[in-house]
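Counting with my numbering, you get residues 4 to 422 for the letters of the sequence shown. Worksheet for the structure shown next.
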Amino acid sequence: MKNIHEPLFKQNAIALGFTFGVHAIAIVGLLFLGLSKPPEPPKKLTTVLVKPEDFQPPLAKEVEQETTSENQANEILSPIVDNTQPENIPVTPPTPTPQQLAAEKGKQEQAQQAKLAEQKRKSEEAAQAKQVEQQRKAAEALAAKQRSEAEAKATAEAKRKTDLKAEADAKARQKAEQDAKLAQQKAAENAKLKAQQDAKRKADAEAKAKANADAKRKAEVDAKRKAEADAKAKAEAEAKRKADAEAKAKANADAKRKADADAKAKADADAKRKADAKAKTEADAKAKAETDAKRKADAEAKAKADAEEAKASAAKKAEQEAAQKKAEAKKIASTAKRDFENKIKRAWNIPLSSSGQKATARVTLNDSGAVMSVIVNSSDPDMKASIEAAVRAAAPYPMPEDPDARREARSFTSSFTAK
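Shown next as structure tokens:
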């Protein structure tokens, strides 16, 4: 919302400028009235009232006339007394002539006119001074009013800023609490996931150790069986050699006994014995070759089976890890989308005329969190515009670091209800 109030320093500058202007006008007016030449009063006519008894003899001292109106009044009110004459001596003044009476009357009229002119001048000066004083008081009252209004505006502006700051602090505290709660939940989920991963790694290690132990035990059994077979073959060969030696000794004895008679039989017997020995040697060699071939085939079959089993186990493990990674990416993306929706709703200025209205918004972001498109479905144009403005005002959005989670979080749909 646009702030319609002007900054406080601008309001103070306007008030001070207006106050200085009023004072400048008042001072210029006072200087004009004080420095301008006052109107010259009419030339004063001195009028002296003379009573017949106030005239003195010819030797009486004449009274000097003053130039100011006050001294003239004193001369009029104070009769001339000759101190050289004895007191209480009646003196008969001379009778004034018509010229003297006319002159005296003219002086009285001049004095009266001068007095009236002086009174008029003083009255005009008093009126001007009163008007100047009223203008000064009005200017001071206006300046005081403007200062009061400026102070009231400054107080109101300070209160408004204090209220705004308090509201902002409250929102910041609420957001910090929400962020801390979300961080705590995420830490608990990460700890649980790590425990599951550690347990799986431990189980895999135990299974591998058991397989290695079984293979080692089988190899030992095969080696023992082979050693026993070799020992048996060697014993049979030794027994045969011994039997052959005994038979040969017996034959030699028989041959010695039958030297000539059995020569031909001995030759046949020797030939037969050699043939039998050869046949037996060949049979033993064949049996040994067959045994070795079977043992080698068994070993190769076992190695192949172990390789296939390890390959299947690795494939199954990779499949499980991929599924787990995909589930984790979806979970991270879901948390990010929820944070995005909360951020938009915090930035949403709900129109007053849209109370009770509902809307949905389909938002598409890029990898950096900037808004690529916003599609708002609402029958209320004000609500549609306010939601789109809130979506763009809340950008950029903090995208997850995981590529799969970031790809999942790039598009989401939110519902809005004006309350």
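Cβ atoms here follow ideal geometry from the backbone N, Cα and C, with glycine treated the same way.
Where residue i sits in the DSSP three-state scheme
| i | result |
| --- | --- |
| Asn215 | helix |
| Ala398 | coil |
| Thr158 | helix |
| Thr98 | coil |
| Asp166 | helix |
| Pro406 | helix |
| Ile30 | helix |
| Ile353 | coil |
| Asp201 | helix |
| Ser358 | coil |
| Ser371 | coil |
| Thr22 | helix |
| Asp225 | helix |
| Asp172 | helix |
| Asp182 | helix |
| Asp472 | It is not possible to answer for residue 472, since the shown part of the chain is limited to 4 through 422. |
| Ile17 | helix |
| Asp247 | helix |
| Glu411 | helix |
| Asp383 | coil |
| Glu69 | A caution first: Glu69 carries a pLDDT of 41, below 50, which makes its placement in the model too unreliable to give a value. |
| Gln115 | helix |
Element boundaries [beta strand (DSSP E), containing residue i]
| i | result |
| --- | --- |
| Met375 | 374-380 |
| Leu368 | 361-368 |
Proximity winner among the options, relative to residue i (alpha-carbon distances)
| i | options | result |
| --- | --- | --- |
| Val25 | Ala141, Ala129, Gln113, Glu128 | Ala141 |
| Arg298 | Asp287, Asp225, Thr367 | Asp225 |
| Ala313 | Ala214, Lys340, Asn369 | Ala214 |
| Thr294 | Ala254, Ala236, Lys245, Asp271 | Ala236 |
| Thr416 | Asp265, Asp257, Ile347 | Ile347 |
| Arg276 | Ala248, Ala302, Ala300 | Ala248 |
| Ala132 | Lys189, Ser151, Lys227, Leu33 | Leu33 |
| Leu368 | Ser382, Ala264, Ala336 | Ala336 |
| Ser358 | Lys340, Phe419, Phe343 | Phe419 |
| Lys328 | Ser376, Asp405, Met375 | Asp405 |
| Ala210 | Ala317, Ala339, Pro101 | Ala317 |
| Arg349 | Ala250, Ala171, Ala117, Ala198 | Ala171 |
| Ala280 | Asp263, Lys251, Glu303, Lys261 | Lys251 |
| Tyr400 | Ser381, Lys340, Ala300 | Lys340 |
| Met375 | Ser414, Thr338, Ala230 | Ser414 |
Start-to-end residues for the alpha helix (DSSP H) that takes in residue i
| i | result |
| --- | --- |
| Lys261 | Counting along the chain, Lys261 falls outside any alpha helix (DSSP H), and DSSP gives it neither H nor E. |
| Thr420 | First-last for Thr420: 414-420, but that is the beta strand (DSSP E), not the alpha helix (DSSP H). |
| Thr338 | 266-350 |
Pair within 7 Å by beta-carbon distance, residue i and residue j
| i | j | result |
| --- | --- | --- |
| Pro403 | Arg395 | no |
| Met386 | Ala412 | no |
| Asp407 | Ala325 | no |
| Ala373 | Ala398 | yes |
| Val2 | Ala393 | The requested residue 2 is not part of the displayed model; the chain covers only 4 to 422. |
| Ala18 | Gln138 | no |
| Phe23 | Gln149 | no |
| Arg254 | Asp265 | It is worth fixing the name first, because residue 254 is Ala in this sequence and not Arg. Their beta carbons are not under 7 Å apart, which means Ala254 does not touch Asp265 by this criterion. |
| Asn345 | Ser389 | no |
| Gln360 | Asp383 | yes |
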